[in-house]
Amino acid sequence: MKSFEAGPSPEQIKSEEEMASDLPKEEVLEVREQVEEPELKPEQAFANERGALERFSGKAKKAAGVLLLVSALSIGSGLISEARAQEEENPKKPDTLSAEQIEKRKPAKELIFKEFKAGEKENGHDVKMEFLDNEVETTLKEQNIQFNEKEGSFTLLNEGEKGFDPEKMLPIVKGALTLKFQENNGVRTEKVEVSTEKIVFIIPGQGVNSTTRKIIKIKSYNSDGSADIFTISDGKVAGAITEKPTK
Amino acid sequence: MPLQILKGKNFQKIKELILKSNLPFVDQNELIAAFARTNNLSLKGVLKLFTEDNLWIKRISENYKAKREALTTGNYSMWQKIVKEEESQLQELER
Numbered sequence: 009m010k011s012f013e014a015g016p017s018p019e020q021i022k023s024e025e026e027m028a029s030d031l032p033k034e035e036v037l038e039v040r041e042q043v044e045e046p047e048l049k050p051e052q053a054f055a056n057e058r059g060a061l062e063r064f065s066g067k068a069k070k071a072a073g074v075l076l077l078v079s080a081l082s083i084g085s086g087l088i089s090e091a092r093a094q095e096e097e098n099p100k101k102p103d104t105l106s107a108e109q110i111e112k113r114k115p116a117k118e119l120i121f122k123e124f125k126a127g128e129k130e131n132g133h134d135v136k137m138e139f140l141d142n143e144v145e146t147t148l149k150e151q152n153i154q155f156n157e158k159e160g161s162f163t164l165l166n167e168g169e170k171g172f173d174p175e176k177m178l179p180i181v182k183g184a185l186t187l188k189f190q191e192n193n194g195v196r197t198e199k200v201e202v203s204t205e206k207i208v209f210i211i212p213g214q215g216v217n218s219t220t221r222k223i224i225k226i227k228s229y230n231s232d233g234s235a236d237i238f239t240i241s242d243g244k245v246a247g248a249i250t251e252k253p254t255k
Numbered sequence: 002m003p004l005q006i007l008k009g010k011n012f013q014k015i016k017e018l019i020l021k022s023n024l025p026f027v028d029q030n031e032l033i034a035a036f037a038r039t040n041n042l043s044l045k046g047v048l049k050l051f052t053e054d055n056l057w058i059k060r061i062s063e064n065y066k067a068k069r070e071a072l073t074t075g076n077y078s079m080w081q082k083i084v085k086e087e088e089s090q091l092q093e094l095e096r
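As they're listed, the protein sequences go chains R and B. Residue numbering for the first sequence follows the numbering used here, beginning at 9 and increasing consecutively. Residue numbering for the second sequence follows the numbering used here, beginning at 2 and increasing consecutively.
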């Protein structure tokens, strides 16, 4: 009986080239294509799609504009206006995005950590979150979602249909809140952008994790282009990071 | 950034059409949430497309989900497949 421990003899071991030559040519090509497949970059994907769809006219052109809008929404970037331009009769834009344009679109940010100490201006101040637009509240009500302005949490009042994913509702509330700092001399109101990943939905009877988290992060833009990202815990400012755009 | 999206009539009409469609509840929500991030003007074309042929609601829902998956996984060939499918749908419209 042949011993497995001995392993193959040097004659039995084939080089990569020999193995490749044993394979049918199509298979070799397929293997190489799989290895060399470029990674999908969002902006390039968008440019690639736009290049493919711009030859259409009339009704198909309008539909192409919608498909590009869907891409922009999938990417979640500021490409929406470009998608709309595709629908217009005389869009003024380059055929494809240059590397420089793509680079410009990348959010270049520098994070500076700022920790509040006792007695500092914002630390410990009560915060209250309110909707800028009443229609947002109405929409949430329609979806049976209750917003807790103190905790920054969202409660789904009914269990909802099976398979309901509260994460899908997050874009609706993103950017829809104002932040009010309760100060001695009155209330200072700032418009803020909510960090969606920290918005909490509380679903009755669906796990402890979703009911115990009460931290929310909110972003407040400053006039110099920087933004303060506040961490709110139990209705109080617990810390902040200042995010500055790199020059 | 204030939320302007929910003010628009286009969004409301699109939302109604999606809710009336036979898409699964989760897909309906996903699509509504996606369009909720868009301004009213951008939604004009969507509303026209959905009103003219409600088959496009399902197509767009599938297109959105596929694109999300391709982008999340960085799958280049999947994206190319999506674009090919789009081209064929648009060619059908041109006939």
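The C-beta atom is built at its ideal place from N, Cα and C for all residues, glycine as well.
Between which two residues does the alpha helix (DSSP H) carrying residue i extend?
i: A53(R); result: P50 to L61
i: T39(B); result: T39(B) -> no alpha helix (DSSP H), and no H or E assigned at all.
i: E93(B); result: Y77 to E95
i: E17(B); result: K10 to K21
i: E53(B); result: K45 to E53
So what does DSSP say about residue i, is it helix, strand or coil?
i: N64(B); result: helix
i: P115(R); result: Low confidence applies to P115(R): its pLDDT is 35, below 50, so where it sits in the model is not reliable, and the reading given next is rough at best. Of the three classes helix, strand and coil, the one that applies to P115(R) here is coil, per DSSP.
i: F296(R); result: Absent from the structure is residue 296(R), since the part of chain R shown begins at 9 and ends at 255.
i: E70(B); result: helix
i: L75(R); result: helix
i: L56(B); result: helix
i: E31(B); result: helix
i: L81(R); result: helix
i: G194(R); result: Low confidence applies to G194(R): its pLDDT is 48, below 50, so where it sits in the model is not reliable, and the reading given next is rough at best. The answer is strand: DSSP assigns G194(R) an E or B state.
i: G127(R); result: Here G127(R) scores only 35 on pLDDT, less than 50, and its place in the model should not be relied on; the value that follows carries that caveat. Coil, per DSSP.
Can you tell me which of the options puts its alpha carbon nearest to the alpha carbon of residue i?
i: A4(R); options: W80(B), T73(B) and N55(B); result: Outside the displayed span of chain R (9 to 255) sits residue 4(R), for which this structure offers no information.
i: K82(B); options: I33(B), A67(B) and T74(B); result: A67(B)
i: T39(B); options: Q13(B), E86(B), E87(B) and N76(B); result: Q13(B)
i: R58(R); options: E17(B), F36(B) and E87(B); result: E87(B)
i: A60(R); options: G75(B), L50(B), V84(B) and F36(B); result: V84(B)
i: A37(B); options: S89(B), L72(B) and N11(B); result: N11(B)
i: A53(R); options: I19(B), E17(B) and L72(B); result: L72(B)
i: K59(B); options: K16(B), L24(B), E17(B) and I15(B); result: L24(B)
i: L48(R); options: I33(B), S78(B) and A34(B); result: S78(B)
i: L76(R); options: V47(B), L20(B), K21(B) and I19(B); result: V47(B)
i: Q90(B); options: S22(B), A34(B), W57(B) and G75(B); result: W57(B)
i: A72(R); options: E17(B), L32(B), G75(B) and K49(B); result: K49(B)
i: A35(B); options: N76(B), T74(B), G75(B) and I15(B); result: I15(B)
With hydrogens ignored, establish whether the beta-carbon of residue i is closer than 6 Å to any heavy atom of the ligand FMN.
i: R69(B); result: Within the structure as shown, the ligand FMN is missing, as the structure has no ligands at all.
Just to make sure I have the definition right: I need the residues of chain D whose C-beta is within less than 8 Å of the C-beta of residue i. Which are they?
i: A72(R); result: Looking for chain D here will not work: the only protein chains present are R and B.
Exercise. Quick check: the segment 19 to 34 of chain B against the segment 59 to 66 of chain B, are there 3 or more CB pairs under 8 Å?
Worked result: Note that the segment 19 to 34 of chain B touches the segment 59 to 66 of chain B; at least 3 beta-carbon pairs, one per stretch, sit closer than 8 Å.
For this session: Report yes or no: do the segment 56 to 76 of chain R and the segment 88 to 95 of chain B share at least 3 C-beta pairs separated by less than 8 Å?
Result: Between the segment 56 to 76 of chain R and the segment 88 to 95 of chain B, the count of Cβ pairs shorter than 8 Å is three or higher; the stretches touch.
For this session: Flag this pair as touching only if the segment 76 to 83 of chain R and the segment 33 to 47 of chain B have three or more C-beta atom pairs under 8 Å; answer yes or no.
Result: Flag = yes, the segment 76 to 83 of chain R and the segment 33 to 47 of chain B touch.
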